[in-house]
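Visitor:
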Ligand code: PGA
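Residue numbers (the numbering used here): 433 to 680.
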């Protein structure tokens with residue numbers, strides 16, 4: 433059985449004060465069978481680590497460099513993420529792809545760099561509205577995943593997570609229906625099984641895109657939806673905990 437994962441992507445939000453309050457709120461009274469993860473802005477990772485050590489909540493980054501160290505001004509390396517005990521790192525979020533120009537190859541390099549440090553990548557994939565309307569959703573998602581699978585090679589596929597996030601659903605209040613989500617999730621699992629059946633069965637596939645307390649349970653009730661990647665609703669402790677609770 434795949435243990436659900438509920439991950440909060442806080443994006444570029446918060447202050448040391450608001451993050452203290454949010455973390456306190458999430459930890460207190462959290463009830464979930466899911467693994468629970470928060471991804472604050474990188475500058476607050478040490479604060480999260482201090483507050484979350486010894487609790488059930490894990491912490492991770494929203495992005496990472498594929499380089500280990502050196503003259504890369506402004507970047508954060510996988511070694512630094514490991515040093516601060518990040519178990520997971522989000523890569524390839526649609527905002528990284530569309531605003532910062534990250535390509536499938538860039539994302540694949542980050543995937544490899546993380547796995548090589550023993551950190552679990554959460555690989556984000558998803559189509560734009562235009563791509564969905566043109567009927568190319570699976571073509572787009574397949575290319576995003578295939579590039580990573582090829583670069584990674586079979587020995588780097590032991591532990592990773594995929595987050596299916598339709599771009600049209602991120603931060604818009606529009607959510608994929610449970611049927612739309614299940615259809616793509618099942619197709620992603622089928623794609624993984626073409627590489628390795630055991631990888632397909634054990635890899636968690638999260639849904640992201642306007643998931644909230646009101647729709648989390650029906651989305652996660654689908655057999656191939658193994659949790660959620662939550663943006664806006666992860667910034668409100670009670671809302672985030674309600675989603676964690678809905679995961680089981
Ligand atoms: P949202 O963001 O929940 O605010 O739509 C999801 C994400 O960007 O990961």
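Every residue gets a Cβ at the ideal spot worked out from N, C-alpha and C, and that includes glycine.
Ligand 1 heavy atoms versus the CB of residue 625: any closer than 8 Å?
Guide: Here residue 625 is taken as the residue at index 193 of the chain shown, counted from 1. The answer is no for residue 625.
Visitor: Would residue 552 and residue 521 be called neighbours here (beta carbons separated by less than 9 Å)?
Guide: By 1-based counting over the chain shown, the position of residue 552 is 120. By 1-based counting over the chain shown, the position of residue 521 is 89. One thing to note: residue 552 has its Cβ within 9 Å of the Cβ of residue 521.
Visitor: Do the CB positions of residue 453 and residue 669 come within less than 9 Å of each other?
Guide: What you label residue 453 is simply residue 21 of the chain shown in a count that begins at 1. What you label residue 669 is simply residue 237 of the chain shown in a count that begins at 1. Yes, Cβ-Cβ distance for residue 453 and residue 669 is below 9 Å.
Visitor: Assign residue 510 to one of three DSSP states: helix, strand, or coil.
Guide: Sequence index remark: in the chain shown, residue 510 carries index 78 (1-based). It is helical.
Visitor: Does DSSP put residue 491 in a helix, in a strand, or in coil?
Guide: The sequence position of residue 491 within the chain shown is 59, counting from 1. DSSP places residue 491 in strand when its eight states are reduced to three.
Visitor: Kindly indicate which residue of 480, 443 and 549 has the alpha-carbon position closest to the one of residue 590.
Guide: Stepping through the chain shown from its first residue, residue 590 is reached at position 158. For residue 590, the nearest C-alpha among the options comes from 549.
Visitor: Just to confirm my understanding: we take residue 641, look at its own chain, exclude 5 residues before and 5 after, and list those with CB closer than 7 Å. What are they?
Guide: As a working note, residue 641 is residue 209 in the chain shown. The answer, listed in chain order, is 597, 598, 601, 602, 607 and 608.
Visitor: Under 9 Å, do residue 636 and residue 435 count as touching if we go by C-beta distance?
Guide: Along the chain shown, one-based indexing puts residue 636 at 204. Along the chain shown, one-based indexing puts residue 435 at 3. Cβ distance < 9 Å, so residue 636 and residue 435 count as in contact.
Visitor: Would you call the CB atoms of residue 651 and residue 660 closer than 9 Å?
Guide: Taking the chain shown and counting its residues from 1, one reaches residue 651 at position 219. Taking the chain shown and counting its residues from 1, one reaches residue 660 at position 228. For residue 651 and residue 660, yes; Cβs fall inside 9 Å.
Visitor: If you compare alpha carbons, which of 461, 476, 496 and 469 is closest to residue 450?
Guide: By 1-based counting over the chain shown, the position of residue 450 is 18. Comparing Cα-Cα distances from residue 450 to each of 461, 476, 496 and 469, the minimum goes to 476.
Visitor: So residue 434 is in the alpha helix (DSSP H); what residue range does that whole segment cover?
Guide: To locate residue 434, count along the chain shown from 1; it is residue 2. Unbroken run through residue 434: none, as it is neither H nor E.
Visitor: Work out the CA separation of residue 595 and residue 633 for me, nearest whole Å.
Guide: Position 201 of the chain shown holds residue 633. Position 163 of the chain shown holds residue 595. Residue 633 and residue 595: Cα-Cα distance of roughly 15 Å.
Visitor: Examine chain D for any beta-carbon lying closer than 9 Å to the beta-carbon of residue 656, and answer yes or no.
Guide: Considering every chain present, this structure includes no chain D. It has just one protein chain.
Visitor: Apart from the five residues on each side of it in sequence, which residues of its chain come closer than 6 Å, Cβ to Cβ, to residue 581?
Guide: On the chain shown, position 149 is the one that residue 581 refers to. If we look at residue 581 and ignore the five residues flanking it on each side, its Cβ neighbours are 627.
Visitor: To test your reading of the DSSP string, which unbroken alpha helix (DSSP H) runs of 4 or more residues are found completely within the segment 495-573?
Guide: 510-515, 526-532, 536-548 and 561-565
Visitor: Just the Cα atoms here: how many angstroms apart are residue 656 and residue 570?
Guide: Mapped onto the chain shown, residue 656 falls at position 224. Mapped onto the chain shown, residue 570 falls at position 138. C-alpha separation (whole angstroms): 16 Å.
Visitor: Smallest Cα separation from residue 575: which of 543, 592, 564 and 537?
Guide: In the chain shown, the residue the question calls residue 575 occupies position 143. If we check each option's Cα against that of residue 575, 537 comes out closest.
Visitor: Quick one: grab the DSSP three-state call for residue 661.
Guide: Taking the chain shown and counting its residues from 1, one reaches residue 661 at position 229. Looking at residue 661 - three-state DSSP - the assignment turns out to be strand.
Visitor: Return the first residue and the last residue of the beta strand (DSSP E) that residue 595 is part of.
Guide: Reading the chain shown from its first residue, position 163 is the one you call residue 595. Looking at the DSSP string, the run of the beta strand (DSSP E) that includes residue 595 is 593-596.
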